[in-house]
Amino acid sequence: MVADDAPADSDPDPDRDSVDAADLLERAGFDAAESVLTDRQAEVLALRERGLRQSDIADRLGTSRANVSSVEASARDNVERARETVAFAEALSAPVRVEIEQGTDLYDAPKRVYDACDEAGVKVNQTAPELMKAIGDRAGDAVRGREVRSRLFVTVDADGQIRVRRP
Numbered sequence: 001m002v003a004d005d006a007p008a009d010s011d012p013d014p015d016r017d018s019v020d021a022a023d024l025l026e027r028a029g030f031d032a033a034e035s036v037l038t039d040r041q042a043e044v045l046a047l048r049e050r051g052l053r054q055s056d057i058a059d060r061l062g063t064s065r066a067n068v069s070s071v072e073a074s075a076r077d078n079v080e081r082a083r084e085t086v087a088f089a090e091a092l093s094a095p096v097r098v099e100i101e102q103g104t105d106l107y108d109a110p111k112r113v114y115d116a117c118d119e120a121g122v123k124v125n126q127t128a129p130e131l132m133k134a135i136g137d138r139a140g141d142a143v144r145g146r147e148v149r150s151r152l153f154v155t156v157d158a159d160g161q162i163r164v165r166r167p
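Residue numbers (the UniProt record's numbering): 1 to 167.
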């Protein structure tokens, strides 16, 4: 649950009372029927992104700050799940998929990716050091130093774009 009642950004809209959530959602093209977010979740996220505090949103919506916090947390979870779903779908369609097992030396990863790309006829426009850095950066704490600490999946699309996923 998101407990922070601070504004969502550091440069909030100076006239927060004039923020119209419905207008923000309409301008962004939000359609609840096509989204993983409910109308209320989208409304809370839109207002938070405009700098409103949870307590201000609660007053507007006639509910408690705890409820707004819960709605916001659920919305952010749904957004993260949607991102993961898109990444999974892209990984399924990628012509190159390489599993990097736990315990692998990060220095061995580029050769494995290059070999898989050669086999699939996909060109990667990154040098080995650039590829190691990209994998390390995108893997987060799954890589420490040169050690791959958790299993990773590296996919390369037909345009040579690399994605790194953790199961």
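Quick reminder that beta carbons are idealized off the backbone N, C-alpha and C, glycines included.
Going by the DSSP bridge assignment, what does residue i pair with across the sheet?
{"i": "residue 152", "result": "100"}
{"i": "residue 164", "result": "154"}
{"i": "residue 143", "result": "148"}
{"i": "residue 105", "result": "147"}
Tell me whether the beta-carbon of residue i lies closer than 9 angstroms to the beta-carbon of residue j.
{"i": "residue 152", "j": "residue 99", "result": "yes"}
{"i": "residue 140", "j": "residue 106", "result": "no"}
{"i": "residue 166", "j": "residue 91", "result": "no"}
{"i": "residue 95", "j": "residue 44", "result": "no"}
{"i": "residue 52", "j": "residue 19", "result": "yes"}
How should residue i be labelled, buried or exposed, when 16 other C-beta atoms within 10 angstroms of its C-beta is the threshold for buried?
{"i": "residue 25", "result": "buried"}
{"i": "residue 121", "result": "exposed"}
{"i": "residue 69", "result": "buried"}
{"i": "residue 31", "result": "exposed"}
{"i": "residue 50", "result": "buried"}
{"i": "residue 143", "result": "buried"}
{"i": "residue 109", "result": "buried"}
How long is the line joining the alpha carbons of residue i and residue j, rounded to whole angstroms?
{"i": "residue 196", "j": "residue 35", "result": "The shown model of the chain, from 1 to 167, leaves out residue 196, and the question about it has no answer."}
{"i": "residue 160", "j": "residue 103", "result": "26 angstroms"}
{"i": "residue 93", "j": "residue 84", "result": "14 angstroms"}
{"i": "residue 137", "j": "residue 22", "result": "37 angstroms"}
{"i": "residue 9", "j": "residue 56", "result": "Residue placement at residue 9 cannot be trusted, given a pLDDT of 44 that sits under 50; what the coordinates show is reported in the next sentence. So the alpha carbons of these two residues sit roughly 15 angstroms apart."}
{"i": "residue 149", "j": "residue 163", "result": "18 angstroms"}
{"i": "residue 29", "j": "residue 125", "result": "35 angstroms"}
{"i": "residue 118", "j": "residue 154", "result": "15 angstroms"}
{"i": "residue 64", "j": "residue 46", "result": "18 angstroms"}
{"i": "residue 111", "j": "residue 135", "result": "13 angstroms"}
{"i": "residue 87", "j": "residue 114", "result": "21 angstroms"}
{"i": "residue 147", "j": "residue 59", "result": "50 angstroms"}
{"i": "residue 89", "j": "residue 116", "result": "19 angstroms"}
{"i": "residue 48", "j": "residue 66", "result": "14 angstroms"}
{"i": "residue 33", "j": "residue 54", "result": "25 angstroms"}
Below 8 angstroms, can you find three or more Cβ-Cβ pairs linking the region 39 to 46 to the region 64 to 76? Contact annotation: the region 39 to 46 touches the region 64 to 76, with at least three C-beta pairs closer than 8 angstroms.
Would you call the region 86 to 99 and the region 126 to 139 touching, i.e. three or more CB-CB distances under 8 angstroms? Flag = no, the region 86 to 99 and the region 126 to 139 do not touch.
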